[in-house]
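A.B. asks: If you're matching positions, the sequence shown starts at 0 in numbering that gives the first Met the number 0 and goes up one per residue. Structure provided below as structure tokens; questions to follow.
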Amino acid sequence: MGDHQNDDVFSFFTTPNDSDFSSAAATPSTLFNPCSYSSSSSGDESHPSAPSVDDSNKRIDYMIQFLDRRLSRDGNFDAIGPENDADGSDSLPEFVGKCGGTGIFKVPIRSAVHPNRPPSLEVRPHPLRESQIGRFLRTMTSTERQLWAGAEDGGLKVWDFDGLYGSWRRLEVEDTAPYKETSEVEIGSSVVCMIGDEGSRVVWSGHRDGRIRCWKLRDDHVIEEALSWQAHRGPVLSIAISSYGDIWSGSEGGALKVWPWEGLGKSLSLKMEQRHMAVISVERSYIDPRNQTSAYGFANTLTSDVTFLVSDHTRAKVWSASPLTFALWDARTRDLIKVFNIDGQLENRNDMSAFPDFGIDEDAKMRIATASRKEKSQSSLGFFQRSRNALMGAADAVRRAAVKGGFCDDSKRTEAIVTSADGLIWTGTANGVVMRWDGNGNCLQEFSYQSSGILCMFTFCSRLWVGYSNGTVQVLDLEGKLLGGWVAHSGPVIKMAIGGGYLFTLAYHGGIRGWNVTSPGPLDNVLRAELAGKEFLYSRIENLKILAGTWNVGEGRASTDSIVSWLGCAATGVEIVVVGLQEVEMGAGVLAMSAARETVGLEGSPLGQWWMDLIGKTLDEGSSFVRVGSRQLAGLLICVWVRHDLKPHVGDVDAAAVPCGFGRAIGNKGAVGVRLRMYDRILCFVNCHFAAHLEAVSRRNADFDHVYRTMAFSRQSSSLSSGAASASVGVSMPRGGNAVNTFEARPELSEADMIVFLGDFNYRLDDITYDETRDFISQRCFDWLREKDQLHTEMEAGNVFQGMREAIIRFPPTYKFERHQAGLAGYDSGEKKRIPAWCDRILYRDSKSHVGADCSLDCPVVSSVSQYDACMDVTDSDHKPVRCVFSVKIARVDESVRRQELGNIINTNKKIKVMLGELSKVPETVVSTNNIILQNHDTTILRVTNKSEKHIAFFKIICEGQSIIEEDGQAHDHRARGSFGFPQWLEVSPGTGIIKPNQIAEVSVRLEDFPTVEEYVDGVAQNSWCEDARDEEVILVLVVHGRFSTQTKNHRIRVRHIPRGCTTAKKHYDDRPKTSGQINALHRSDYQQLSNTLDVVEQLKELAQSIEEEPPLSRRGLL
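Given below as structure tokens:
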């Protein structure tokens, strides 16, 4: 909570689904460009703009607040700021419990920049859950210039990397970095997966309704749907783009389809008004790679949901993953290579049926069966064979049901998969284990640094980023060594993407943060210090009052006058009202019914609703206040109201209940609580009813300890907008395992910025008689009585309410009275003559770690008590109602100003600029040729030399486009390739790699015969024809990165394919004049193994000299 925190087109980042080699959106000079936060667009009010007059005015206001606080603290100074009413000058003296600064009672760490994690770029601060119902962001990807996120309602949000430091002029989203969204497009189907396509400059998204959609950001910043078709009957669970530009998509039941780039590219080339004609053609153009699996005996192994797809560009493979199995495919031929489980063991093909089982659609069954009959002519299967097939299919269906239904131990189920630049595959499991595989599906090593489940992973150059269900992010090197980790979000980290020099993390609650790609590293400390030093420019103080009231109603009902006397006048001028009631209803039948309802997730009662309606009417609910949360457990009830004007700043309302009676199972004693987030700070209110009787001090202490340690909050069924009264949450239990909402070992109450405990704590007076107590009360000698108070004694000893504060009590004991008897004469005078006691109390803890701490981002919530009394005129119960008014200061961050300050620091700090320049260096590399001719299965070796003495080079080879060579030898009809994929006749291996200093990487460029082109309809090949016999030429681009660089250096290599027997084009090609400095590509036989870079340089020199002496026609290569 404390941390609120144009170069070449080919220098791009790959997406999370395809992250073997990530690209850049900016050079070191443009990575944190001043225009990144000052860009503007005329005529578009929603576009990010330069620091405005409003931004400057806010800075001035924050500085005045800061000076006001400093001067007020240092001396008797009349504040110049508008707020000076919560400075504690009118606050009541307090009693403070001991042992509050250690263990689970220690105040949580808060600061302007969190000391235990790198500074972050708050792209989208944690949004209030109630504002996101039905439209939470659930996935994310990146392109060269933008960050894209998909929501539950099918909408998209797009952030431009050049505007990440900007601010909004629209009030409702002022804390979020400027973005574009598809507000005018009604999709209605949740976005499940996304992937960026740099070659086509589009983004592909898979949806819950089974459709794949193609999106494009137009020049006028409008998000346009370029193409959409029905891809699957079930949801599109995964999507990837292969090395050949084809889109692979996976769905339920093992459904896997390949959409060839040729059909997609043709559809995208049409005008918008013509594309609807191509939708039907696209829908039927897919290839079903499972058609040929029955011949290999793999059919029944490919029936689990395809939850992940990732393209291995190093070897031109595609990995499809289900929770417990993997399949490895050839990206060029779409053939299945291998099926294996999470332990790396091969699936047994001999025991598999020749036909797919129940997990595949009926139409798919017919197509596969037809294809199988084409491949082998066979008679009808016999009775035993059919029976065997049915049994095997049923067994596999049971296995799939077990995986989905949790009947088996699936703690090792796969939750994330990525590829790295060195060609290795990394997977993350539900039990927190990171597994490293080679490209052939062999598990090499396992690493475990967290017990929480892994939900996402991402690789960038030499680093692996891992996101966990407890909100933690860890960074590993490619050897699996842990480099660092921190709590990135207050909720699970579900997706990652990269761009603009940042690794972005998406939390389950919808917040997005950016982390510098160098983190953890030396840059973090410099940024942290600089950003913390400017706290006064982006922090502001909010002042509010909270009214808390507690009353043991003794199973009775109160009059309206009693509620008005208790809360009516005190609620004037307060922003939050919290009411806790005890003994709303009791009795064995009520307790039993309550326990039964709790077991099925139900709570509340008509009587509890009656009380909330009565109090709400007194507070003018609907006009002045709105009810935001409540919780009832048997006779315990808590409810929270906030003023209407505060409602936009309050959310994430959760509720909890902890029974303490009869073996910690019944709610006659216990606690109920409501937690909410306001101004990005966590406030908790807990209503308690502890064990009764004078001698039960240790039981009361144990009740508090149990409540504090085990109270776990759950989401309410009602939302902030509805104002519903109750919540469908069960009884909280101690947390454990790999639950998504398991964050830290510390209790949830320990992480709150402010906690208010109220209720009938039942602490009595010791060593005093009834008559003595009555005498002191009549004389109003409360100081002496307080010395007999059990609660203060136990707090002083550090046994209960450790570190909590209570205003000094100056009102008579509130227990026990005769009903409907006014005044102090109403104390119990019956046979038992219970000694009067302060059973009903209100205590609190804020962010102060010591008395006198000022409100700041280091101490974000500072509170004092301005009123603490009991309503002695209320006689409806044997207890008197108690009320307490808190004056609260809350320090909050203006994220829009903070982002601008972060941009200013990065662009103006000389030390940071020097460090960035050093970290972002791209090693100098040379290639052995820029021109290659391929014919008759030729293979050419392309050598890439890293000339740096100390920097590692990372490379990836992409295909810029493809052209036809006419008779004149010139390239015509240039066509871009989808996602820079290779043509089917070209094989490049490895497609990615790492080159150490002074080392050489060899890349094989091979011509693959592809004599026919097949047309697929509904997954089955229908037509084929001879491939175009004309020469073809592609432009390969070797993209080189440094270790942390988002800048790239690119080498272009022309590769020409000359069909077999065609010599005319080759002659044209070889007759073209060569320019100086060109080196021709050689056959593999022309090379010998070279031991080091010096040998390579000498050999290349000799080779160049020999080439110059040869006649032109003997040279192989291109201009």
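Every residue gets a Cβ at the ideal spot worked out from N, C-alpha and C, and that includes glycine. Everything numeric in this text was worked out from a predicted model, so none of it was measured.
1) Have a look at D651 and G499 and give me their C-alpha separation to the nearest angstrom.
2) According to DSSP, W485 sits in a beta bridge with which residue or residues?
3) Looking only at its chain, what residues have a beta carbon closer than 7 angstroms to the beta carbon of N700, apart from the 5 residues adjacent to it on each side?
4) For L120, which option in S876, D774, L580 and G513 has the closest C-alpha, if you only look at C-alpha atoms?
5) Taking S451 and G431 to be in contact with their CB atoms under 8 angstroms, please state how far apart those CB atoms are, rounded to whole angstroms.
6) Let me know if D89 comes out buried or exposed under the rule of 16 or more other beta-carbons within 10 Å of its beta-carbon.
7) Locate the alpha helix (DSSP H) running through T772, then write down its first and last residues.
8) Apart from the five residues on each side of it in sequence, which residues of its chain come closer than 7 angstroms, Cβ to Cβ, to R809?
9) Pick helix, strand or coil for D560, following the three-state DSSP scheme.
10) I need the straight-line Cα distance from F135 to L502, nearest angstrom please.
11) Pull the bridge partners of I889 from the DSSP assignment, please.
12) To which residues does DSSP link T938 through a beta bridge?
13) Indicate the three-state DSSP secondary structure (helix, strand or coil) for D84 in the structure shown.
14) Using 8 angstroms for Cβ pairs, my map puts I681 next to A751. What's the rounded Cβ distance?
15) Out of E771, V685, T939 and A429, point me to the one whose CA is closest to D759's CA.
16) If we ignore side chains and look at the alpha-carbon of each, how far apart do S919 and L645 end up?
17) Buried or exposed: S280, going by 16 or more other Cβ atoms within 10 Å of its Cβ?
18) Starting from I904, follow the alpha helix (DSSP H) in both directions and report where the run begins and ends.
19) Specify whether the segment 559-579 and the segment 539-549 touch according to this definition: at least 3 beta carbon pairs, one from each stretch, less than 8 angstroms apart.
20) Just how far apart, CA to CA, sit E171 and H643?
21) Do K316 and A326 have their CB atoms nearer than 7 angstroms?
22) Helix or strand or just coil, what does DSSP make of R1055?
23) Expressed to the nearest angstrom, what Euclidean distance is found between the alpha-carbon atoms of I562 and P880?
24) So does the segment 213-221 actually touch the segment 198-205, counting three or more Cβ pairs closer than 8 angstroms?
25) When we look at the beta-carbon of H819 and count the other beta-carbons within 10 Å, is it buried (16 or more) or exposed?
26) DSSP puts P126 in a beta bridge; with which residues?
27) Classify G218 as helix, strand or coil using the three-state DSSP reduction.
28) Suppose the cutoff is 6 angstroms on Cβ atoms and the five residues either side in sequence are ignored; what does the same chain contact list for T598 look like?
29) Looking at the unbroken alpha helix (DSSP H) that takes in V589, where does it start and where does it end?
30) Within 10 angstroms of the Cβ of M62, are there 16 or more other Cβ atoms? Answer buried if so, exposed if not.
31) Is it buried or exposed, P521, if we count other Cβ atoms within 10 angstroms and call 16 or more buried?
32) If I follow the unbroken alpha helix (DSSP H) through R200, where does it start and stop?
33) Which residues in the same chain have their Cβ closer than 8 angstroms to the Cβ of G343, if we skip the five residues on either side of it in sequence?
34) Could you give the residue range of the alpha helix (DSSP H) that holds H791?
35) Under a three-way DSSP split, which group does G960 fall into?
36) Taking buried to mean at least 16 other C-beta atoms within 10 Å of its own C-beta, is F160 buried or exposed?
C.D. replies: So, to answer that:
1) 31 angstroms
2) V472
3) E793, N798 and V799
4) G513
5) 6 angstroms
6) exposed
7) Y769 to S777
8) F781
9) helix
10) 20 angstroms
11) E541 and V860
12) R1005
13) For D84, the pLDDT reaches just 46, beneath the cut-off of 50, and the residue's location in the model is therefore unreliable, leaving the point undetermined.
14) 5 angstroms
15) V685
16) 46 angstroms
17) exposed
18) E894 to T907
19) yes
20) The pLDDT assigned to E171 is 46, lower than 50, so where the model puts this residue is not dependable; a value taken from the coordinates is nonetheless given after this. Each residue's Cα considered, the two are about 15 angstroms apart.
21) no
22) strand
23) 9 angstroms
24) yes
25) exposed
26) The partner list for P126 (beta bridge, DSSP) is empty, contrary to what the question assumes.
27) Per the sequence shown, residue 218 should be read as Asp rather than Gly. Coil, per DSSP.
28) none
29) A587 to T598
30) exposed
31) exposed
32) Per DSSP, R200 belongs to no alpha helix (DSSP H) and is neither H nor E.
33) W436, G440, N441 and C442
34) Q789 to E795
35) strand
36) buried
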